[in-house]
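Peer 1:
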Amino acid sequence: MTNSIQPIFILPEDTKRSAGRDAQRNNIAAAKAVADAVRTTLGPKGMDKMIVDASGDVVVTNDGVTILKEMNVEHPAARMVVEVAKTQEQVVGDGTTTVVVIAGELLRKAEELLDQNIHPTIIAKGYRAAEDFSQTLLRSHAKAVTLKHSDILRNIVCTAMTGKGAEAHREHFSNLLLNAVTDVANTDLDILDSIKVEKMTGESPLASELVRGVVLDKERAHSSMPRRVENARVVLLDCPLEIKNTEIDAKIQINDPTQLHAFLDREEHLLREMVNVIAQTGATVVFCQRGVDDLVQHFFAKRGIIGVRRVTKSDMERLARATGGHIISSWKELVVGDLGSAGVVRQDKIGNEEMLFVEQCPNPKAVTILVRAGTVHVADEIKRAVEDALGDLRAALHDGFVIAGAGSMEMELSGALRGFARTLQGREQLAVEAYAQALEVIPRTLAENAGLDPIDVLASLRMAHERGNLWAGVNIFTGEVMDAWAAGVLEPLKVKTQALSSATQVAEMILRIDDVIVNAQAGKTLRRSPSSEMDEM
Ligand code: ADP
Ligand code: MG
Numbered sequence: 020m021t022n023s024i025q026p027i028f029i030l031p032e033d034t035k036r037s038a039g040r041d042a043q044r045n046n047i048a049a050a051k052a053v054a055d056a057v058r059t060t061l062g063p064k065g066m067d068k069m070i071v072d073a074s075g076d077v078v079v080t081n082d083g084v085t086i087l088k089e090m091n092v093e094h095p096a097a098r099m100v101v102e103v104a105k106t107q108e109q110v111v112g113d114g115t116t117t118v119v120v121i122a123g124e125l126l127r128k129a130e131e132l133l134d135q136n137i138h139p140t141i142i143a144k145g146y147r148a149a150e151d152f153s154q155t156l157l158r159s160h161a162k163a164v165t166l167k168h169s170d171i172l173r174n175i176v177c178t179a180m181t182g183k184g185a186e187a188h189r190e191h192f193s194n195l196l197l198n199a200v201t202d203v204a205n206t207d208l209d210i211l212d213s214i215k216v217e218k219m220t221g222e223s224p225l226a227s228e229l230v231r232g233v234v235l236d237k238e239r240a241h242s243s244m245p246r247r248v249e250n251a252r253v254v255l256l257d258c259p260l261e262i263k264n265t266e267i268d269a270k271i272q273i274n275d276p277t278q279l280h281a282f283l284d285r286e287e288h289l290l291r292e293m294v295n296v297i298a299q300t301g302a303t304v305v306f307c308q309r310g311v312d313d314l315v316q317h318f319f320a321k322r323g324i325i326g327v328r329r330v331t332k333s334d335m336e337r338l339a340r341a342t343g344g345h346i347i348s349s350w351k352e353l354v355v356g357d358l359g360s361a362g363v364v365r366q367d368k369i370g371n372e373e374m375l376f377v378e379q380c381p382n383p384k385a386v387t388i389l390v391r392a393g394t395v396h397v398a399d400e401i402k403r404a405v406e407d408a409l410g411d412l413r414a415a416l417h418d419g420f421v422i423a424g425a426g427s428m429e430m431e432l433s434g435a436l437r438g439f440a441r442t443l444q445g446r447e448q449l450a451v452e453a454y455a456q457a458l459e460v461i462p463r464t465l466a467e468n469a470g471l472d473p474i475d476v477l478a479s480l481r482m483a484h485e486r487g488n489l490w491a492g493v494n495i496f497t498g499e500v501m502d503a504w505a506a507g508v509l510e511p512l513k514v515k516t517q518a519l520s521s522a523t524q525v526a527e528m529i530l531r532i533d534d535v536i537v538n539a540q541a542g543k544t545l546r547r548s549p550s551s552e553m554d555e556m
């Protein structure tokens, strides 16, 4: 292309294209805008945001990823940053604001280097080296944690909840969460699969409870079934309890009324047999993943059996773990040994919603945290905080390491990176220094959001770290330096390692883009990087 004399148009007329510094500036500005949108929510003193969607629904939240999801971001580079927050949410469950704020700051610092004519690939290389260095250092400072360290785990939960709707009741929630985790800990299953968080309105958050079993947003199939069964014997089926076969469309030709009777009798006979086989095992509650025929519902009701139909697969699996029952795919093969048990199965009206409780299970491997609050918005926000805390507990136990927060690690890394930069030569040194400065955005923002003077705070933090005070972080109430470890501001190591790696990656990726081609019709974007010539076009 560079050799051609005549301009050649290879793209449709209405294609928007920006290249070189323009493209870079644009993308960086968009990524910074995303970071600025969530910055003010970071930390315990961060503010909340109210987002109103097109249909008028309101979300009030302090959670980075929730804000970004609700905001409907359109710019392609900005969307890449939003994706990073989503990844953080999936992998760790917490730290979504942190990762976006760091990514934004890395790009802000990169822009200053670009203005000094430093090539993006050099910046990217320096950032990569700085990240590697930081990861190793983080790991070396982290402390081991297991289920036995209940104080550390409690502090992790409290840290995750500070500044969220759940803060006032964090003691209560940390007890619930710790009991829940202990209940399911002896399984090799992911705790996020074994612990479900359900919300209900009405009552105060203090009425939130741990249900040793499963809470289903469902009703029993028929209103004449009992509302409550004690010492329940639970059957779990993933076959339909009806005769309908939706895959084959059959026609039956009937010539006289006796044939019709015989046919209907046969059907009823089969349905009766289903109920007999199930009831013979001593079952008192039947959960079915598929449909349940009206007649079967009627027979169940007559025998005092609670039947529930169309239970989701994930709820079925949770029920199996909670009750110890097996999910059976053919009712004919059901045997007594497949049944699970629960102390109580009951349907109750909570607010104006009917819910099914399968509780007091003997050795549950699945439990439910029932979050309650006065209004839907509060319940939603508390549920998000509980889920964040749960993600943190999982990350801490899974990875086995914990560090202190309050900006202490970012300051430590920043100082060490400055030392590391001095061992490097040329322009890469500048990139590593920029990375070191960028990490300070976390303590700076924590201070700013708490109404403190960030310059004073950073200066005293730097001094403390130079004196070897590893866990020196911001006391957001007094503005003084505190030992974040002693203060119990603890976070799983994984939150930081994941945030650093994703933030660095996305910054690097955005830096490498020097050409944005937006196809007007499709709204599709092609990206081209300086290193990979035309391969994407
Ligand atoms: P994120 O979405 O990134 O998790 P948060 O709003 O939860 O954002 O804020 C997390 C930050 O707040 C972390 O850097 C954490 O260390 C810090 N933090 C939490 N509790 C405290 C505290 N009591 N004092 C100072 N900093 C805290
Ligand atoms: Mg958090």
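Mind the numbering: the sequence shown is residues 20 to 556 in the working numbering, read in order. We treat Cβ as the ideally placed atom computed from N, Cα and C, and that holds for glycine.
(1) Does the Cβ of G424 lie closer than 7 Å to at least one heavy atom of the ligand MG?
(2) Can you tell me which of the three DSSP states S550 falls into?
(3) Can you find the residues in the same chain that come closer than 6 Å, C-beta to C-beta, to E552, ignoring five residues on each side of it along the sequence?
(4) Taking only the alpha-carbon atoms, compute the straight-line gap between R328 and V101 and give it to the nearest angstrom.
(5) Assuming E124 and V460 make a contact with CB atoms under 8 Å, what is their CB distance in whole Å?
(6) Give me whichever residues DSSP pairs with G359 in a beta bridge.
(7) Smallest Cα separation from Q43: which of I121, D472, D134?
(8) First and last residue of the alpha helix (DSSP H) that includes R391?
(9) Please name the residue or residues paired with D367 in a DSSP beta bridge.
(10) Is it true that the stretch 47-57 meets the stretch 83-95, where meeting means three or more beta-carbon pairs spaced less than 8 Å apart?
(11) Just tell me which of A52, D67, P63 has its CA closest to the CA of H396.
(12) Over what stretch of residues does the beta strand (DSSP E) that includes A42 continue unbroken?
(13) From R486, G114, N46, pick the residue whose C-alpha is nearest to that of E406; which is it?
(14) Straight-line CA distance for A491 to R441?
(15) Any idea what DSSP makes of N538, helix, strand or coil?
(16) For I1, name the three-state secondary structure that DSSP assigns.
(17) Under three-state DSSP, which class holds L133?
(18) To which residues does DSSP link V493 through a beta bridge?
(19) Who are the near neighbours of E150 in its chain, counting only those whose CB is closer than 7 Å to its CB and skipping five residues on each side?
(20) Let me confirm a value: R285 is counted as buried when at least 16 other C-beta atoms fall within 10 Å, else exposed. Which label applies?
(21) Is V525 near the ligand ADP, with its Cβ less than 7 Å from a heavy atom?
(22) Take T165 as the anchor and find which of A187, A143, L197 has the nearest alpha-carbon.
(23) In the DSSP assignment, find the beta strand (DSSP E) that holds E508 and state where it starts and stops.
(24) For the beta strand (DSSP E) containing A423, name the first residue and the last one.
(25) How far does the alpha helix (DSSP H) with M482 in it extend, from its first residue to its last?
(26) Would you call V355 buried or exposed, if buried means 16 or more other Cβ atoms sit within 10 Å of its Cβ?
(27) Decide if V508 is buried, meaning its Cβ has at least 16 other Cβ atoms within 10 Å, or exposed.
(28) By the DSSP assignment, the alpha helix (DSSP H) with R461 in it spans what residues?
(29) Roughly how far, in whole angstroms, is the beta-carbon of L512 from the beta-carbon of D418, given that I think they are within contact range, below 8 Å?
(30) Three-state secondary structure (DSSP) at T80?
(31) Mind the definition here: the stretch 213-220 touches the stretch 298-306 only if three or more C-beta pairs lie below 8 Å; say whether that holds.
(32) Compute the Euclidean distance between the alpha carbons of E32 and P95, then round it to the nearest angstrom.
(33) Shortest alpha-carbon distance to M99 belongs to which of D82, N81, V118?
(34) Do V253 and T387 come within 8 Å of each other at the CB atom, strictly closer than that value?
(35) Does the Cβ-Cβ distance between G344 and L256 come in under 8 Å?
(36) Should G114 be counted as a contact of the ligand MG given a C-beta to heavy atom distance under 7 Å?
Peer 2: Here's the rundown:
(1) What you label residue 424 is simply residue 405 of the sequence shown in a count that begins at 1. No, Cβ of G424 sits at least 7 Å from all heavy atoms of the ligand MG.
(2) Taking the first residue of the sequence shown as position 1, residue 550 is located at position 531. Per-residue confidence for S550 stands at a pLDDT of 48, beneath the threshold of 50, marking its modelled position as unreliable; the derived number appears in the next sentence. Correct three-state label for S550: coil.
(3) Within the sequence shown, the letter at position 533 stands for residue 552. Low local confidence applies: a pLDDT of 41 at E552 is under 50, so the model's placement there is unreliable, with the coordinate-based value given in what follows. Correct list: empty, nothing qualifies.
(4) If you number the sequence shown from 1, residue 328 lands on position 309. If you number the sequence shown from 1, residue 101 lands on position 82. Taking the straight line joining both Cα atoms gives about 38 Å.
(5) Taking the first residue of the sequence shown as 1, we reach residue 124 at position 105. Taking the first residue of the sequence shown as 1, we reach residue 460 at position 441. Correct: roughly 4 Å between the Cβ atoms.
(6) Position 340 of the sequence shown, counted from the start, is the residue given in the question as residue 359. Answer is V253, bridged to G359.
(7) Here residue 43 is taken as the residue at index 24 of the sequence shown, counted from 1. With distances taken between Cα atoms, Q43 lies closest to D134.
(8) Here residue 391 corresponds to residue number 372 of the sequence shown, with the count starting at 1. No alpha helix (DSSP H) contains R391, which is instead part of the beta strand (DSSP E) from 386-392.
(9) Start at 1 with the first residue of the sequence shown, and residue 367 comes out as number 348. M374, per the DSSP bridge assignment.
(10) The stretch 47-57 vs the stretch 83-95: in contact.
(11) As a position in the sequence shown, residue 396 is number 377, starting the count at 1. Among A52, D67, P63, the Cα nearest to that of H396 is on D67.
(12) Position 23 of the sequence shown, counted from the start, is the residue given in the question as residue 42. Run containing A42: none in the beta strand (DSSP E); it sits in the alpha helix (DSSP H), 39-58.
(13) Walking along the sequence shown from the start, residue 406 turns up at place 387. Checking every option, the nearest Cα to that of E406 belongs to G114.
(14) Here residue 491 is taken as the residue at index 472 of the sequence shown, counted from 1. Here residue 441 is taken as the residue at index 422 of the sequence shown, counted from 1. C-alpha separation (whole angstroms): 24 Å.
(15) By one-based count along the sequence shown, residue 538 stands at place 519. It is a strand residue.
(16) As displayed, the chain neither begins before 20 nor continues past 556, which places residue 1 out of reach and without an answer.
(17) Here residue 133 is taken as the residue at index 114 of the sequence shown, counted from 1. Three-state DSSP puts L133 in a helix.
(18) By 1-based counting over the sequence shown, the position of residue 493 is 474. Answer by DSSP bridge pairing, in chain order: V500.
(19) Locating residue 150 in the sequence shown gives position 131, where the first residue counts as 1. The residues are L519, S520, T523.
(20) To locate residue 285, count along the sequence shown from 1; it is residue 266. Exposed is the call here.
(21) Translated into positions along the sequence shown, residue 525 becomes position 506. No - the ligand ADP has no heavy atom lying nearer than 7 Å to the Cβ of V525.
(22) Start at 1 with the first residue of the sequence shown, and residue 165 comes out as number 146. When each option's Cα is compared against that of T165, the closest is L197.
(23) Here residue 508 refers to the residue found at position 489 when the sequence shown is read from its first residue. One point to set straight first is that residue 508 is Val, not Glu, in the sequence displayed. From DSSP, V508 is part of no beta strand (DSSP E); its letter is neither H nor E.
(24) Locating residue 423 in the sequence shown gives position 404, where the first residue counts as 1. That run of the beta strand (DSSP E) goes 420-423.
(25) As a working note, residue 482 is residue 463 in the sequence shown. It spans 473-485 - the alpha helix (DSSP H) in which M482 sits, taken as one unbroken run.
(26) Taking the first residue of the sequence shown as position 1, residue 355 is located at position 336. Burial call: exposed.
(27) Counted from its first residue, the sequence shown places residue 508 at position 489. When all chains shown are included, V508 counts as buried.
(28) Taking the sequence shown and counting its residues from 1, one reaches residue 461 at position 442. The residue you asked about is not Arg; residue 461 is Ile in the sequence shown. Run containing I461: 460-468, per the alpha helix (DSSP H) assignment.
(29) Your numbering for residue 512 matches position 493 in the sequence shown. Your numbering for residue 418 matches position 399 in the sequence shown. Contact holds; Cβ gap of about 6 Å.
(30) In the sequence shown, the residue the question calls residue 80 occupies position 61. Here T80 sits in strand by DSSP.
(31) no
(32) The count along the sequence shown starts at 1 and reaches residue 32 at position 13. The count along the sequence shown starts at 1 and reaches residue 95 at position 76. A direct Cα-to-Cα measurement between E32 and P95 gives close to 21 Å.
(33) Locating residue 99 in the sequence shown gives position 80, where the first residue counts as 1. Of the listed residues, the one whose Cα sits closest to M99 is V118.
(34) Residue mapping note: residue 387 aligns to position 368 of the sequence shown, counting from 1. Residue mapping note: residue 253 aligns to position 234 of the sequence shown, counting from 1. For the 8 Å CB-CB criterion, T387 and V253 do not form a contact.
(35) Position 325 of the sequence shown, counted from the first residue, corresponds to residue 344. Position 237 of the sequence shown, counted from the first residue, corresponds to residue 256. No. Outside cutoff.
(36) Within the sequence shown, the letter at position 95 stands for residue 114. Yes; taking the cut-off as 7 Å, the Cβ of G114 has a heavy atom of the ligand MG nearer than that.
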